[in-house]
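Participant:
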Amino acid sequence: MTENAGANSLPRIIGGSDLIAHTATNRKDLDDWFKEAIQAESQTNESEKKAQDLFNWEPNKKKSK
44 MTENAGANSL PRIIGGSDLI AHTATNRKDL DDWFKEAIQA ESQTNESEKK AQDLFNWEPN
104 KKKSK
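Counted the way the numbering used here counts, the sequence shown spans residues 44 to 108.
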């Protein structure tokens, strides 16, 4: 009868310090991506606000007395 490999011991599951470097790299990439997305959205919002201000431009109105 043949035994299965590892049948007499617990399997080694990676985790903890094995994943620290990988997680740090992914986290930095995500942070950079979010910063770029926020900057792009901010620029878009600013451009839209300027366009809306130009569209809603009204010359000085004479106040009625």
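For each residue, glycine too, the CB sits at the ideal point set by N, CA and C.
By the three-class DSSP mapping on this structure, what secondary structure does L73 have?
Facilitator: Per DSSP, reduced to three states, the secondary structure at L73 is helical.
Participant: What would DSSP say about L53, mapped onto helix, strand or coil?
Facilitator: coil
Participant: If you reduce the DSSP assignment to three classes, tell me which class N88 lands in.
Facilitator: helix
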